[in-house]
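Everything in the sequence shown is counted per numbering that gives the first Met the number 0, starting at 0 for the first residue and increasing by one.
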Amino acid sequence: MRPLNIIVCMKPVPDPKKWGKLKLDPQTMLLRRGDVPAIINPLDRHAIEEALVLREKHGGSVTLVTMAPPDAEDLVSEALAMACDRACLLADRAFAGADTLATARVLAAAIRKIDVFDLVFCGAYSADGSTAQVGPQVAELLAIPDLAQVVALEVRTGIARARCQVDDGETVYEVDLPVLATFSREANVPRLPTMRGIMQATRAGIERWTAADLGLGADSAGLKGSPTQMLNVFTPASGRKGEILQGTPNEVAGRLLERLRGERLI
Ligand SMILES: Cc1cc2nc3c(=O)[nH]c(=O)nc-3n(C[C@H](O)[C@H](O)[C@H](O)COP(=O)(O)OP(=O)(O)OC[C@H]3O[C@@H](n4cnc5c(N)ncnc54)[C@H](O)[C@@H]3O)c2cc1C
């Protein structure tokens with residue numbers, strides 16, 4: 000089997016442990032991400048691990064692609080230090096405020112620029128936006144098949160065989176390469192960066208690409224290129240209140256039935 004060239008899309012997300020500090024900008028209605036330190040999207044670590052395992056088995060290369068502001072370079076270096084070969088940071092003011100489609104356009108343009116690839120890996124969803132749309136949209140833009148919520152992946156000459164989570168269990172798919180796959184946390188246990196990896200990452204460096212480098216016009220990226228328009232953001236009023244029924248199990252069951260009949264729910 001020939002070596003595999005794998006591209007992994009890695010998104011920096013605000014650290015979920017610090018979400019209490021996240022605020023919305025009242026003017027733009029976008030999250031003020033700068034208020035909270037970022038981490039590598041947890042499921043993207045699983046995508047990177049899967050790529051590294053395949054490279055160890057078949058040879059080839061693992062390239063990271065991240066669309067984020069320039070200050071994401073520390074996180075890109077951290078991911079590179081897991082033992083990836085190359086990293087491209089797509090940073091340009093024109094990318095700001097992107098919805099999922101505008102994000103996917105930028106990632107797809109970068110993947111086309113990298114040119115030679117057999118597999119594109121993503122996390123199944125991000126810890127912040129969590130739409131799970133970016134992976135399938137990138138696949139559609141690249142006109143390749145996509146496998147969602149993968150828990151196990153094998154590659155044989157020209158073919159990927161994947162076990163994927165579906166609503167009522169798991170399904171096995173076999174597709175021709177190239178293919179995009181999004182990974183669930185059950186896929187593997189991601190490795191930690193090693194000292195050797197950190198030194199290699201420093202040597203490899205990070206390539207920085209702008210909208211012009213990707214041949215993207217102002218109307219296809221960022222807020223301008225986003226069909227999703229946010230009209231309003233608000234915290235819904237919580238009208239629920241809880242009540243704990245007291246008594247023996249039989250008494251509580253009787254009271255619950257009474258209450259449900261009273262509300263005409265049964
Ligand atoms: C209605 C709506 C409102 C939004 N509001 C805001 C907002 O207020 N502020 C704000 O900053 N963003 C906002 N976004 C989110 C912004 O659009 C997302 O950051 C971006 O489009 C990715 O979507 P997601 O986080 O849902 O990714 P998902 O589709 O859940 O991510 C899946 C995978 O795609 C890959 N991926 C996703 N994004 C990137 C990336 N940038 N670089 C590399 N790989 C990536 C990763 O592998 C990730 O695991 C909003 C999105 C929507 C739909």
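Note that CB positions come from ideal geometry on N, CA and C, so glycine has one too. Since we're looking at a predicted model, the values are computed, not measured.
Return helix, strand or coil for Pro135, following the three-state DSSP convention. helix
Report the three-state DSSP secondary structure of Phe342 (helix, strand or coil). In the structure as shown, the chain begins at 0 and stops at 265. Residue 342 is therefore absent and cannot be evaluated.
Assuming Ser60 contacts Arg85 (C-beta within less than 8 Å), just tell me the rounded distance between them. 7 Å
When the Cα atoms are used, what is the spatial distance from Leu244 to Leu255?
8 Å
Distance check for Val251 and Gly302, CA to CA, integer angstroms please.
The chain is shown only over 0 to 265; residue 302 falls outside these bounds and no answer can be derived.
### Message
Do Ala108 and Gly221 count as a contact pair if the criterion is CB distance below 9 Å?
### Response
no
Q | Alpha-carbon to alpha-carbon, Val137 and Leu106 | A | 7 Å
| Between the CA atoms of Leu259 and Ala78 - distance to the nearest angstrom | 53 Å
query = The alpha helix (DSSP H) spanning Val52 covers which residue range?
reply = Pro41 to His57
Q | Limits of the unbroken beta strand (DSSP E) element including Val174 | A | Gly168 to Asp175
Nearest-angstrom Cα distance between Val35 and Leu63? 23 Å
Alpha carbon of Arg92 to alpha carbon of Leu176, nearest angstrom
34 Å
Would you check whether ligand 1 has a heavy atom nearer than 8 Å to the C-beta of Leu51?
-> no
**Asked** Taking the C-alpha atoms as reference points, what is the distance between Ser219 and Ala147?
**Response** 26 Å
Using alpha carbons as the reference points, say which of Arg1, Cys87 and Lys56 lies closest to Val7.
-> Cys87
Asn231 classed as buried or exposed, judged by whether at least 16 other C-beta atoms fall within 10 angstroms
exposed
Endpoints, the alpha helix (DSSP H) within which Ile197 is located
Met194 to Ala203
Excluding the five sequence neighbours on either side, which residues of its own chain have a C-beta within less than 8 Å of the C-beta of Asp98, listed in chain order? Ser225, Pro226 and Thr227
request  = Using the Cα positions of Leu100 and Gly128, report the straight-line distance between them to the nearest angstrom.
outcome  = 13 Å
key: Rounded straight-line distance, which links the Cα of Gly157 to that of Ala126   = 32 Å
Which residues bound the alpha helix (DSSP H) around Asp91? Premise fails: Asp91 is in no alpha helix (DSSP H) and is neither H nor E.
Own chain, CB closer than 6 Å to Thr181, minus 5 neighbours either side, in chain order:
Cys121, Ala123, Gly134 and Ala147
| request: Please indicate yes or no: does the CB of Arg85 lie closer than 8 Å to some heavy atom of ligand 1? | output: no
Report task. Leaving aside the five residues before and after Gly130 along the sequence, list all residues of the same chain whose C-beta is less than 6 Å from its C-beta, in chain order. Result -> According to the sequence shown, residue 130 is Thr rather than Gly. These residues qualify, in order along the chain: Thr99.
Option in Asn249, Ile5, Arg263 and Gly58 with minimal Cα separation from Ala46:
Ile5
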